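Peer 1:
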Ligand code: CDP
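In the working numbering, the protein residues as written are 12 to 592.
(1) Just checking residue 10 against ligand 1 - is the residue's beta carbon closer than 7 Å to any of the ligand's heavy atoms?
(2) When every heavy atom of ligand 1 is checked, does at least one fall within less than 7 Å of the C-beta of residue 137?
(3) Indicate the three-state DSSP secondary structure (helix, strand or coil) for residue 415 in the structure shown.
(4) By DSSP, does residue 267 sit in helix, in strand, or in coil?
(5) Short of 7 Å in beta carbon distance, which residues of its chain neighbour residue 442, apart from the five on each side in sequence? Order them along the chain.
(6) Say whether the segment 186-204 touches the segment 213-223, bearing in mind that this needs 3 or more beta-carbon pairs closer than 8 Å, one atom from each stretch.
(7) How many Å lie between residue 585 and residue 465 at the Cα?
(8) From which residue to which residue does the beta strand (DSSP E) around residue 112 run?
(9) Please report the distance separating the alpha-carbon of residue 104 from that of residue 523.
(10) With 16 other CB atoms within 10 Å as the buried threshold, where does residue 234 fall?
(11) From the DSSP output, read off the bridge partner residues of residue 233.
(12) So what does residue 549 bridge to, in DSSP terms?
(13) Between the alpha carbons of residue 137 and residue 358, how many angstroms are there, rounded?
(14) Work out the CA separation of residue 306 and residue 86 for me, nearest whole Å.
(15) May I ask you to list the residues that DSSP assigns as paired with residue 366?
(16) Work out the CA separation of residue 321 and residue 24 for me, nearest whole Å.
(17) For a test of your reading of the model: does the CB of residue 499 fall under 7 Å from any non-hydrogen atom of ligand 1? Yes or no.
(18) Quick check on DSSP: helix, strand or coil for residue 451?
(19) Reducing DSSP to helix, strand and coil, say where residue 30 ends up.
(20) By DSSP, does residue 130 sit in helix, in strand, or in coil?
(21) Excluding five sequence neighbours on each side, which residues of the same chain lie with their C-beta closer than 6 Å to the C-beta of residue 272?
(22) Report yes or no: do the segment 205-214 and the segment 256-269 share at least 3 C-beta pairs separated by less than 8 Å?
(23) Please say whether residue 423 and residue 281 have beta carbons closer to each other than 8 Å?
(24) Taking the alpha-carbon positions, what's the residue 111 to residue 121 distance?
(25) Buried or exposed, going by whether 16 or more other CB atoms sit within 10 Å of the CB of residue 96?
(26) When DSSP builds the beta bridges, which residues end up paired with residue 296?
(27) So, is residue 72 buried or exposed, given that buried needs 16 or more other C-beta atoms within 10 angstroms?
(28) Between residue 443 and ligand 1, is the CB less than 7 Å from at least one heavy atom?
(29) Taking residue 63 and residue 341 to be in contact with their CB atoms under 8 Å, please state how far apart those CB atoms are, rounded to whole angstroms.
(30) Would the C-beta of residue 440 count as close to ligand 1, meaning under 7 Å from any of its heavy atoms?
(31) Figure out for me which residue from 56, 92, 65 has the closest Cα to the Cα of residue 309.
(32) Determine, using beta carbons only, whether residue 387 and residue 534 come nearer to each other than 8 Å.
(33) Can we count residue 11 as close to ligand 1, meaning its CB is less than 7 Å from some heavy atom?
(34) Is residue 590 helix, strand or coil when you go by DSSP?
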């Protein structure tokens, strides 16, 4: 179908963005016909989210706020997470991406969690589970000895429910499962995905303490604790377990690691309990039944030109950040939560996750290589700025609307700092919203200058990085032959007709060394309240020692978690290219 698009966003939306919007986001009538334009979609979302203003400022013109929200989205400078775009102003009304469900050692509550899983997935959210409280395989159940199926069997129950539900009818939900390294079933858990056709859409992570990591270094044993009794039931050698984790991650990319002590050093509400679980794609640690809605600023659109030179437009960022924070805080008030307990828990802390996308595209425009110290400095500078301004915006909202209800006992009470939101910043993967904005995802390097993107149930879309195309045309090395060859082989770095400075700037994910991936992730993490979603790419030829070194480095450099991916270690990759050098 041909979409009517207003001039304002006509030039901004790429053909791929339109394809995704048509296929997934735009409203349809009963016969499946699309009934709104992208402009109307942004208007629907803006109006709905602006309504929250009425409950705080009856005198304010909701339309004025709605216009601000609309402009932020229609300019593709800020986009909320997919569920907000999909469901705002609709019957579903569920607007958050991230949820954590508790999995206690009780059959009744566990099957409640299965039911909630179905409801959350149906609305487009992803879920984090912590299975560390489930009694080990073979424990007694009631009077029956050796009856417990154990946590890994339970993950398959959740996977069965998840397979049955496709999110909002269009995508499958991401699930993150965490198990403590001290659980007696830990070795079974580490191998749970050794058959890669099992538990697809479940990303497993082993939760490790600082004490465990110290013991990996010293080669000491550590205790396995039965969660049922709290007693030590055995011990394992820390470096042997670490090696098992590394082996599996090398062969399948799974499990990752979660650095749980690091996460809890940033827990804004320790009086509500320890954080034990991360959500869907790893960017958010939440308490049981908490949810969080995300939104991302498009950094590729935050530049200004003066005298032919581009630089970061901090004034533009400063204007946008309070609008984004107000938007995300409003979402909590107009959200239709899947179940009352999630509503109550989420409103206690009012966590939001403002982040960025298009970081690599911004660097390219500035002529900075992703794997350079300049990129690290820029990452820190931008994220520190966004984080400070987001906190300031949350502080101002607290003065206007009151502090988050669990503020007493929080780290902010100790500092005497009113805050509307217990946390403000998160780096999401932005898997789909970055396609809508037409920019590189999250803080990832570009995947390739030219590639075929595998999206939406196997449909393939050709993507030429717009900056690459422009530079190639301006500098006279653009040719159909070059594009065709780059589609079939991602060897930009060895193309002699491409000037060396261009090859350096268009460095792709697989040419960035794992250490540089971790350094960039750490630079962002230093200024993020929650966590950073990032994949550390390894070439196919990487060794197990390479992975072990990066896992260690991630812990030492203060990451909250790490996920690695060795090229072609999984059957289906979200992005495909033929050969990677
Ligand atoms: O770009 P978009 O807003 O669609 O999502 P994202 O930033 O790639 O992912 C944000 C969160 O949405 C993830 O951490 C998951 O919790 C959830 N998600 C999911 O459940 N299923 C997907 N297929 C993609 C994302």
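The C-beta atom is built at its ideal place from N, Cα and C for all residues, glycine as well. None of these values were measured; they are calculated from a predicted model.
Peer 2: A quick look at the data gives this:
(1) The requested residue 10 does not occur in the structure, where the chain is confined to residues 12 to 592.
(2) Inclusion of residue 137 in the 7 Å shell around ligand 1 follows from its C-beta lying nearer than that to a non-hydrogen atom of the ligand.
(3) Correct three-state label for residue 415: coil.
(4) It is a strand residue.
(5) Cβ neighbours of residue 442 beyond the five flanking positions: 452.
(6) Result yes; three or more Cβ-Cβ pairs closer than 8 Å.
(7) With a pLDDT of 43 at residue 585, under the threshold of 50, the modelled position of this residue cannot be trusted; read the value that follows with caution. The C-alpha of residue 465 is placed about 6 Å away from the C-alpha of residue 585.
(8) Residues 109-112.
(9) So the alpha carbons of these two residues sit roughly 40 Å apart.
(10) Under this definition residue 234 is an exposed residue.
(11) For residue 233, the beta-bridge partners assigned by DSSP are 247.
(12) 577.
(13) One C-alpha to the other measures close to 19 Å.
(14) The alpha-carbon atoms of residue 86 and residue 306 are separated by roughly 14 Å.
(15) The bridge partners DSSP lists for residue 366 are 307.
(16) Distance between the alpha carbons of residue 24 and residue 321 is about 22 Å.
(17) Not under cutoff, so the answer is no.
(18) For residue 451, the secondary structure class from DSSP, reduced to helix, strand or coil, is coil.
(19) Judged by DSSP in its simplified three-state form, residue 30 adopts helix.
(20) Residue 130 sits in a helix when the DSSP states are folded into three classes.
(21) 220, 221, listed in sequence order.
(22) Between the segment 205-214 and the segment 256-269 there are three or more inter-stretch CB-CB distances shorter than 8 Å, so the stretches are counted as touching.
(23) It is not a contact, given that the beta carbons lie outside the stated cut-off.
(24) About 13 Å.
(25) Of the other Cβ atoms in all chains shown, 16 or more fall within 10 Å of the Cβ of residue 96; this residue is therefore buried.
(26) Paired residue(s): 289.
(27) With fewer than 16 other CB atoms across the displayed protein chains lying within 10 angstroms of its CB, residue 72 is exposed.
(28) Yes, the Cβ of residue 443 comes within 7 Å of a heavy atom of ligand 1.
(29) Confirmed, about 4 Å.
(30) In this structure, residue 440 has its CB closer than 7 Å to one or more heavy atoms of ligand 1.
(31) For the set 56, 92, 65, the Cα lying nearest the Cα of residue 309 is the one of 92.
(32) With a cutoff of 8 Å on beta-carbon distance, residue 387 and residue 534 are scored as near each other.
(33) With the chain covering 12 to 592 only, the question about residue 11 has no answer from this structure.
(34) Below a pLDDT of 50, predicted positions are generally treated as unreliable, and residue 590, at 29, falls in that range; the measurement from the model is reported next regardless. For residue 590, the secondary structure class from DSSP, reduced to helix, strand or coil, is coil.
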